[in-house]
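Some notes on the structure that comes next.
Numbering (UniProt numbering), first residue to last: 1 to 494.
Here it is, written out as structure tokens:
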């Protein structure tokens, strides 16, 4: 049965459920009405029997002219009630115009004086159901007065037919009303279904469903509109990413193809390229291959950040240790630079590899834009990492775009880089629950500020598993000065 219901459309199921609920309610109400009416009629009949009394002359005539059998005949007047006297031995004396009624034990007890009255159901000798009231008269005679129950049954039968007709009309009306209510209530769902089918068929994410009210259907419509808006935005970003990536890849690929073509033509024509030019071409090919590899790596890293893969590898890490490692890598890239670092212990929860990559990007950016023999200042205090360089700085109008994908400031377009480094940094920091910002430094240069939630003490498990974190070079609460490649805030791209 449940399987058949599931096969029906939703509006049909709603209409059937409404009709069934109304039918059940009508049936209960009709049954209760019938039972209450029946009890009321029987109570009125009982009261009528109790209030019916036989006059003494009539009782005298009844004693003189009675029979143990029914006394109905052509000359008998119509009886309002059947009257008979009852003896203690169970014998009866039926009055003229009355039917003989079976004598029960209750009637005998009244005749014997064991009880004052009795009220019960019985049958006449011809099988008619009657209601019997027996009591002692003034002459100490037990008199039974009976009335047929057919007069009640006829009224109850007419009432049952009326209630059945009303219930049928009610159920039919409830089914029609349920179907109308289902169609009205599911109209927004039909619109939503049509919108989903339209999106599936045409991939048009610009479709929006009208929202009216604050009910569940309106919430569902708002959620659908928000979902299509988010999907449209995601698709636009994806298309923009593909277009930007294609544009960024085209330049090194074109240069790489040109250099390789020169080398191939040299081999095919037999004309040797001068040794210096050949070395320059090979060095250019190597640089372009490295640029392509870096760009592809950045795209992969950004893709992992977008899908949230790194969140599953989050663990408690020492930010000061990762910063010290990133500083060592930065020194190798700019050995002529001077670095001042002051790193206080700070423990955060993040993916170690991704967070270290973000720190390296920040420091590489500072190295890239720092002047020769310049100074980079790095400090970590209470979870706030600041990297300050003394480069050209960032123009105020460019600050809102520094974390956009593939964005590069005009001054950085001639330098190596893909324009994805700061975008990766921003995504990594946000996923770790922190925030990052860039601002112009007083006196020139740029300051990058990175804040991550954490604590200055390692959690108990880290303390138990390690005797103590080693102090890497360049870290500590003190300040160390080095002539190495430092890293700092970028002046436009990573």
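Glycine is no exception: its CB is placed at the ideal position from the N, C-alpha and C atoms.
| Item | Value |
| --- | --- |
| Applying the criterion that 16 or more other CB atoms from any shown protein chain within 10 Å of the CB defines a buried residue, is residue 78 buried or exposed? | Any answer about residue 78 is weak, because its pLDDT of 45 lies below 50 and its placement is not dependable; what the coordinates show is given next. By the 10 Å Cβ count, residue 78 comes out exposed. |
| With 16 as the cutoff for other CB atoms within 10 Å, does residue 441 come out buried or exposed? | buried |
| From the DSSP output, read off the bridge partner residues of residue 437. | 449 |
| For residue 112 and residue 33, which I take to be in contact (beta-carbon distance under 8 angstroms), what is that distance rounded to the nearest angstrom? | In fact, because the Cβ distance is near 42 angstroms, the residues do not count as touching under 8 angstroms. |
| Secondary structure at residue 265, three-state DSSP: helix, strand or coil? | helix |
| Which residues in the same chain have their Cβ closer than 6 angstroms to the Cβ of residue 195, if we skip the five residues on either side of it in sequence? | 207 and 209 |
| Using alpha carbons as the reference points, say which of 446, 433, 443 and 439 lies closest to residue 453. | 433 |
| Assuming residue 133 and residue 117 are in contact, meaning their beta carbons sit under 8 angstroms apart, how far apart are those beta carbons, in whole angstroms? | 7 angstroms |
| Helix or strand or just coil, what does DSSP make of residue 52? | coil |
| If we ignore side chains and look at the alpha-carbon of each, how far apart do residue 220 and residue 186 end up? | 12 angstroms |
| State the CB to CB distance for the pair residue 403 and residue 422, rounded to an integer number of angstroms; the pair is presumed to be in contact (CB under 8 angstroms). | 5 angstroms |
| By a C-beta neighbour count over all protein chains shown, 10 Å radius and 16 as the cutoff for buried, is residue 151 buried or exposed? | exposed |
| Checking 8 angstroms against the spacing of the C-beta atoms, do residue 228 and residue 199 come in under that value? | yes |
| Would you list the one or two residues that DSSP bridges to residue 119? | 133 |
| Taking the alpha carbon of residue 263 as the reference point, which residue from 243, 281 and 255 has its own alpha carbon closest? | 281 |
| Quick check: the region 328-336 against the region 393-402, are at least 3 beta-carbon pairs closer than 8 angstroms? | no |
| Could you compute how far the alpha carbon of residue 315 sits from the alpha carbon of residue 364? | 25 angstroms |
| Check whether the region 444-460 and the region 342-349 touch, using three or more Cβ-Cβ pairs below 8 angstroms as the test. | yes |
| For residue 39, does the count of other Cβ atoms within 10 angstroms reach 16, so buried, or fall short, so exposed? | exposed |
| Compare the C-alpha of residue 47 against each of 131, 449, 69 and 20 and name the closest. | 131 |
| Which word fits residue 178, buried or exposed, when buried means at least 16 other C-beta atoms lie within 10 angstroms of its C-beta? | buried |
| Return the chain-ordered ranges of every alpha helix (DSSP H) run that is complete within the region 351-383 and spans a minimum of 4 residues. | 352-369 |
| With distance defined between alpha-carbon atoms, name the residue in 109, 398 and 337 nearest to residue 91. | 109 |
| Tell me whether residue 86 sits in a helix, a strand or coil according to DSSP, three-state version. | strand |
| Please classify residue 172 as buried or exposed, where buried requires at least 16 neighbouring CB atoms within 10 angstroms. | exposed |
| Could you check where the beta strand (DSSP E) with residue 341 kicks off and where it finishes? | 338-343 |
| Quick check: what's the CA-CA separation for residue 9 versus residue 22? | 20 angstroms |
| In whole angstroms, what separates the C-alpha of residue 25 from that of residue 15? | 15 angstroms |
| How big is the Cα-Cα spacing for residue 299 and residue 358? | 14 angstroms |
| Would you grab the beta carbon distance between residue 167 and residue 81 for me? Rounded to a whole angstrom, and I think it's under 8 angstroms. | In fact, because the Cβ distance is near 36 angstroms, the residues do not count as touching under 8 angstroms. |
| Measure the C-alpha to C-alpha separation of residue 377 and residue 439 and round it to an integer number of angstroms. | 15 angstroms |
| Any idea if residue 382 is buried or exposed, counting beta-carbon neighbours within 10 angstroms, 16 or more meaning buried? | exposed |
| Hey, residue 322 and residue 341 are a contact pair by Cβ (cut 8 angstroms); roughly how many whole angstroms apart? | Contact doesn't hold; Cβ gap of about 13 angstroms is too wide. |
| For residue 564, name the three-state secondary structure that DSSP assigns. | Nothing can be reported for residue 564, as the shown portion of the chain is limited to 1 through 494. |
| Can you tell me whether residue 318 is helix, strand or coil according to DSSP? | strand |
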